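Asker:
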């Protein structure tokens, strides 16, 4: 088959929780090369570079609903409360890799009323892989 098209979805028919890219009634993403990467709705011919953000979830935050929201200067890139972070089962570290944004500013939240940095504070600028734990940002995984 020459140049097939693909559609990604979360395998549910429930209209309230269904997610699909491209959207309903839109053509699929055309596959034009032997290997392609689709990240955040953008197709790449090779694995794109990304910035991985690691967040140590505070004990009073909702484990399954911890999110990362990011933007770049005055460019809003997503809707609040942001994207779910990925868990590493059985510990409190959550991760998310940001692709296609050079200087993202990040805010963590629990989708309810807790967030870091606080309300009306700017997001934290990240330019490389970072770890956040107990108020500290580091370029390496904290050992304590």
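Numbering (our numbering), first residue to last: 4 to 147.
A virtual CB, placed ideally from N, CA and C, is assigned to each residue, including glycine.
Since the structure is predicted, the reported quantities are computational estimates derived from the model, not experimental observations.
Cα separation between residue 110 and residue 117?
Answerer: Residue 110 and residue 117: Cα-Cα distance of roughly 10 angstroms.
Asker: Beta strand (DSSP E) containing residue 21: first to last residue?
Answerer: Neither: residue 21 is in no beta strand (DSSP E) and is coded neither H nor E.
Asker: Leaving aside the five residues before and after residue 143 along the sequence, list all residues of the same chain whose C-beta is less than 6 angstroms from its C-beta, in chain order.
Answerer: Around residue 143: no qualifying Cβ.
Asker: Output the boundary residues of the beta strand (DSSP E) element that contains residue 53.
Answerer: Residues 53-59.
Asker: Restricting to Cα atoms, I'd like to know which of 95, 106, 32, 41 is closest to residue 126.
Answerer: Of 95, 106, 32, 41, the residue nearest in Cα terms is 106.
Asker: Examine chain D for any beta-carbon lying closer than 8 angstroms to the beta-carbon of residue 84, and answer yes or no.
Answerer: Absent from the structure is chain D; it holds one protein chain and no more.
Asker: To the nearest angstrom, report how far apart residue 32 and residue 133 are at their CA atoms.
Answerer: Distance between the alpha carbons of residue 32 and residue 133: 32 angstroms.
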